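Asker: Position one of the sequence shown corresponds to residue 322 (my numbering), numbered consecutively onward.
A single structure is presented below for examination.
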Amino acid sequence: MGQMNWVLIRGLSRETRHWAQFPEKLKAHYPNSVIKVLELPGVGTKYHQKSETSIEGFARALRPDFLKLKEENPGDYGIIAVSMGGMIAMNWVDLYPEDFRAIITVNSSAGNLSGPLERMSPKAIKKILQLFFRNNLAEREKVILELTTNMTQITPELVQKWASFGEQYPLKREVFLKQIYAASKFVVPNEIRIPFLILAAEQDQLSLPKCSKLLAKHFGLSPVLHPTAGHDLPLDDPEWMAKKIFEWENQSSQRSKT
């Protein structure tokens with residue numbers, strides 16, 4: 322079993338609980354490791370905080386939480402991040418390359434590699450604009466699940482559970498708009514100096530898988546593709562994702578020892 326500790330970051334409008342079963346699946350592969358989910362300012366338990374307006378701002382805002390975690394739990398850490406979270410992770414390891422030993426992005430993109438309609442499909446834009454003016458949280462979450470998942474059974478219970486997150490920690494429209502603005506301006510670093518795994522879903526309805534493929538090409542990597550999952554890969558197939566990360570990290574560790 323691996324000894325790598327992991328920090329997890331979600332993406333646009335999502336909070337820590339939207340990771341669902343993935344942290345548990347990852348923990349099964351890393352039973353002796355720390356698995357820590359970081360909350361973005363303006364979202365979830367930090368809903369009262371002011372949101373950042375740049376990807377770099379988010380990276381710098383999250384770092385004190387990580388440094389405190391690492392002080393309390395020393396060891397090697399990797400970072401796993403979805404969509405906008407992946408942008409934050411890439412910026413973070415560019416700014417502070419010594420913080421992490423590995424980076425994994427999931428269905429992420431960059432403004433200087435992909436066009437706006439590739440990073441967010443016209444279908445997604447239309448639905449998100451409609452959601453923006455809806456106050457019914459259950460209705461909103463149902464549409465988000467339909468847009469971001471392919472394999473998940475969207476039951477009334479799941480919809481209500483997701484809606485309850487927003488009832489407890491309301492997401493302000495201002496925060497949502499600031500996140501979209503930050504993501505739209507993200508420019509990918511020229512290089513990532515630590516082992517890097519790019520995961521993507523071939524049937525992503527929100528952001529074209531081409532975005533992750535271009536990201537991989539930029540860094541001279543081969544993306545690992547899930548054939549049927551949607552944008553929310555951790556929700557659609559958490560076991561597949563945890564297994565791929567464990568296998569890749571194990572291989573990377575072996576290579577570094579030789």
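C-beta: ideal position from N, C-alpha, C; glycine also.
This structure is a prediction, so every number in the text was calculated from the model and none was measured.
#1: DSSP three-state call for Thr426: helix, strand or coil?
#2: Using DSSP's beta-bridge definition, name the partner residues of Trp327.
#3: For the putative contact between Met405 and Ala504, defined by C-beta atoms under 8 Å, what is the C-beta separation to the nearest angstrom?
#4: Are there three or more Cβ pairs, one per stretch, closer than 8 Å when the region 349-360 is compared with the region 326-337?
#5: Name the residue from Glu560, Glu568, Trp569 and Glu570 whose alpha carbon lies nearest to the alpha carbon of Phe343.
#6: Drop a sphere of 10 angstroms on the beta-carbon of Thr549, count the other beta-carbons inside from all chains shown, and report buried for 16 or more, exposed for fewer.
#7: Helix, strand or coil for Val545, going by three-state DSSP, please let me know.
#8: If you compare alpha carbons, which of Lys482, Tyr398 and Leu492 is closest to Arg455?
#9: May I ask you to report which of helix, strand or coil DSSP gives Leu492?
#10: Hey, Ser442 and Gln526 are a contact pair by Cβ (cut 8 Å); roughly how many whole angstroms apart?
#11: Which residues share a DSSP beta bridge with Arg519?
#12: Report all residues from its chain with a CB closer than 6 Å to the CB of Ile298; omit the five preceding and five following residues, and keep chain order.
#13: With a threshold of 6 Å on Cβ separation, who are the neighbours of Arg514 within its own chain once the five nearest residues in sequence on each side are excluded?
#14: For a test of the three-state rule: what should DSSP assign to Arg514, helix, strand or coil?
#15: Less than 7 Å between C-beta atoms, sequence neighbours within five positions excluded: which residues of the same chain meet that for Lys448?
#16: According to DSSP, simplified to helix, strand and coil, what is Val508?
#17: Taking all protein chains shown into account, decide if Ala349 is buried (16 or more other Cβ within 10 angstroms of its Cβ) or exposed.
#18: Thinking Ser528 and Asn428 are a contact (beta carbons under 8 Å), I'd like their distance in whole angstroms, please.
#19: Are Pro385 and Lys371 closer than 8 Å when you measure CB to CB?
Answerer: On the basis of the coordinates in this document:
#1: In the structure shown, Thr426 sits in a strand (DSSP, three-state: E or B).
#2: In DSSP, Trp327 forms a bridge with Ile356 and Gly399.
#3: Taking C-beta atoms under 8 Å as the contact rule, Met405 and Ala504 qualify, at a distance of about 5 Å.
#4: Because the criterion of three Cβ pairs below 8 Å is met, the region 349-360 and the region 326-337 touch.
#5: Minimum Cα distance to Phe343 is reached at Glu560.
#6: With fewer than 16 other Cβ atoms within 10 Å, it is exposed.
#7: Three-state result, Val545: strand.
#8: Per the Cα distances, Leu492.
#9: Leu492: coil per DSSP, three-state reduction.
#10: Rounded, the Cβ-Cβ distance is 7 Å, consistent with contact.
#11: With the sequence shown as reference, residue 519 is identified as Ile, and Arg is not the correct amino acid for it. Thr426, per the DSSP bridge assignment.
#12: Lying outside 322 to 579, the shown extent of the chain, residue 298 is not represented and no answer is given.
#13: Scanning its chain for C-beta atoms nearer than 6 Å, with the 5 sequence neighbours on each side dropped, one finds around Arg514 the residues Pro418, in chain order.
#14: Residue state, collapsed to three classes: coil.
#15: Taken in chain order, the residues that qualify are Val464 and Leu468.
#16: Coil.
#17: So Ala349 counts as exposed.
#18: Ser528 to Asn428, Cβ: 6 Å. Contact.
#19: Inclusion of Pro385 and Lys371 in the CB contact set at 8 Å is not warranted, their separation being larger than that value.
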